[in-house]
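Participant: Right, I'll just put the structure down here and ask away after.
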Amino acid sequence: MRVLREQGFVTLEPSPTDGREKIVILTRIATTYLDAQRKARSTIDGRLKAEVGEEAFEALYDLLVRLGGHDTARLRTYLQTRTARNLE
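Following my numbering, the numbering of the sequence shown begins with 1194 at its first residue and continues without gaps.
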């Protein structure tokens, strides 16, 4: 959480009901990044589907999930890295 705060992606506000809790608020930087990431992923997905077809795309995605096992975080990290490179 500290890194996200330092990079300006989130702010923390005190909870109105519990002084030990903090409310995490996404900043404009975070929402802009998320919107760009979703758009890039949609573009990439569309290109892949056009190239290989819907059925092959779904098979590829299923295979990637299987390769990542139940650790979808590893697959998500890979896809986010690829997406970030396409945004540059």
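Glycine is no exception: its CB is placed at the ideal position from the N, C-alpha and C atoms. Only a predicted model underlies this, so the values are computations on that prediction, with no experimental measurement involved.
#1: Please confirm whether Ile1218 and Leu1205 have their CB atoms less than 9 angstroms apart.
#2: Any beta carbon of chain D sitting closer than 9 angstroms to that of Arg1221?
#3: Is DSSP giving Glu1244 helix, strand or coil here?
#4: Within its chain, find whatever has a CB closer than 8 angstroms to the CB of Arg1275; leave out the 5 residues flanking it on each side and keep chain order.
#5: What is the DSSP secondary structure of Thr1274, reduced to helix, strand or coil?
#6: For Glu1199, write down the residues that DSSP places opposite it in a beta bridge.
#7: Please report how far the alpha carbon of Ile1222 lies from the alpha carbon of Gly1239, in whole angstroms.
#8: For my contact list, Thr1220 and Val1203 are in at a C-beta cut-off of 8 angstroms; report their separation, rounded to the angstrom.
Facilitator: Well, looking at it:
#1: yes
#2: Considering every chain present, this structure includes no chain D. It has just one protein chain.
#3: helix
#4: Ile1237
#5: helix
#6: Paired residue(s): none; Glu1199 is not in a bridge.
#7: 26 angstroms
#8: Cβ atoms of Thr1220 and Val1203 come within 8 angstroms of each other, at about 6 angstroms.
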